[in-house]
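Peer 1: Numbering-wise (this note's numbering), the sequence shown opens with residue 179 and increments by one.
Note that the Cβ used here is the ideal one computed from N, Cα and C, for glycine as well.
All of these numbers come straight from a predicted model, not from anything done at the bench.
Submitted below is the structure of interest, expressed as structure tokens.
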Amino acid sequence: MNYLEMSKTEFNNTITEMTVPQLREVAKELDIEIKGVRRIDISQDLFKGWEKVRFSQKDEAQENEGQVRNFVKRDYDYTPRPSQVYIDEALEYEVINLLMDEDPDSGKKFLSRSDLILVFTVWKTLDNFLEEYKRELRELRDNKGYKIYLKPHWYLKSKID
Numbered sequence: 179m180n181y182l183e184m185s186k187t188e189f190n191n192t193i194t195e196m197t198v199p200q201l202r203e204v205a206k207e208l209d210i211e212i213k214g215v216r217r218i219d220i221s222q223d224l225f226k227g228w229e230k231v232r233f234s235q236k237d238e239a240q241e242n243e244g245q246v247r248n249f250v251k252r253d254y255d256y257t258p259r260p261s262q263v264y265i266d267e268a269l270e271y272e273v274i275n276l277l278m279d280e281d282p283d284s285g286k287k288f289l290s291r292s293d294l295i296l297v298f299t300v301w302k303t304l305d306n307f308l309e310e311y312k313r314e315l316r317e318l319r320d321n322k323g324y325k326i327y328l329k330p331h332w333y334l335k336s337k338i339d
């Protein structure tokens, strides 16, 4: 049985059902030092040692692959929230998209009238706003691997606040 591939819960449930000789055998197999004498102490020592062995092996595997935990790009299936949009779709926006209805049934627009007033007070034109929005989207996609980002309305709010 490969104990190192088990989850914490699986391993804990497995050793809970074992006898003292079986626990000592698992400890010997995993090269874990057991200090306790009672069954509860032995199982606790075994579990702590198992965690150390398991996580040290994971760290070694990541170092061998040249990966750093914080900077690994992962491909997940993302579903954007109502305030978000896929970056690839947003990069295709044109100025007219900002004025069109986002959802014809609800009557919501990408940018409301108050949003347009804010755009024109901060940026000279809608084109300038859209260029800055797209520039930030490209930067986030290329440098940080983002797949989803804020819709124009929420992007505007984040810049103003």
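The beta strand (DSSP E) with Leu-328 in it runs from where to where?
Peer 2: Taking the sequence shown and counting its residues from 1, the one referred to as residue 328 is at position 150. Residues 326 to 328.
Peer 1: Alpha carbon to alpha carbon, how far is Arg-216 from Arg-232? Give it in angstroms, no decimals.
Peer 2: Working through the sequence shown from its first residue, we reach residue 232 at position 54. Working through the sequence shown from its first residue, we reach residue 216 at position 38. Distance between the alpha carbons of Arg-232 and Arg-216 is about 24 Å.
Peer 1: Would you decide whether Val-300 is buried or exposed? Buried here means 16 or more other CB atoms lie within 10 Å of its CB.
Peer 2: Working through the sequence shown from its first residue, we reach residue 300 at position 122. Val-300 comes out exposed.
Peer 1: So is Leu-182 buried or exposed if we call it buried at 16+ other beta carbons inside 10 Å?
Peer 2: Looking up residue 182 in the sequence shown gives position 4. Exposed, because fewer than 16 other Cβ atoms sit within 10 Å of the Cβ of Leu-182.
Peer 1: Please report how far the alpha carbon of Met-278 lies from the alpha carbon of Leu-318, in whole angstroms.
Peer 2: Stepping through the sequence shown from its first residue, residue 278 is reached at position 100. Stepping through the sequence shown from its first residue, residue 318 is reached at position 140. Each residue's Cα considered, the two are about 25 Å apart.
Peer 1: Relative to the alpha-carbon of Pro-330, which residue among Lys-322, Asp-320, Asp-305 has its alpha-carbon at the smallest distance?
Peer 2: What you label residue 330 is simply residue 152 of the sequence shown in a count that begins at 1. That would be Asp-305, whose Cα lies nearest to the Cα of Pro-330.
Peer 1: Return the first residue and the last residue of the alpha helix (DSSP H) that Val-355 is part of.
Peer 2: Lying outside 179 to 339, the shown extent of the chain, residue 355 is not represented and no answer is given.
Peer 1: Roughly how many angstroms lie between the CA atoms of Thr-303 and Tyr-256, to the nearest whole one?
Peer 2: The residue given as residue 303 occupies position 125 in the sequence shown. The residue given as residue 256 occupies position 78 in the sequence shown. Each residue's Cα considered, the two are about 32 Å apart.
Peer 1: From Leu-201 to Ser-185, what does the alpha carbon distance come to, in whole angstroms?
Peer 2: For the purposes of this step, residue 201 is taken as residue 23 along the sequence shown, with counting starting at 1. For the purposes of this step, residue 185 is taken as residue 7 along the sequence shown, with counting starting at 1. Those two C-alpha atoms are separated by around 17 Å.
Peer 1: Given this structure, state the Cα-to-Cα distance separating Ile-343 from Glu-195, to the nearest angstrom.
Peer 2: Residue 343 falls outside the range modelled here, since the chain spans only 179 to 339, and no answer is possible.
Peer 1: Could you check which residue in Leu-208, Gly-214, Ile-212, Ser-221 has the C-alpha nearest to that of Asp-190?
Peer 2: On the sequence shown, position 12 is the one that residue 190 refers to. Inspection of the sequence shows that residue 190 is occupied by Asn rather than by Asp. Answer by Cα proximity: Ser-221.
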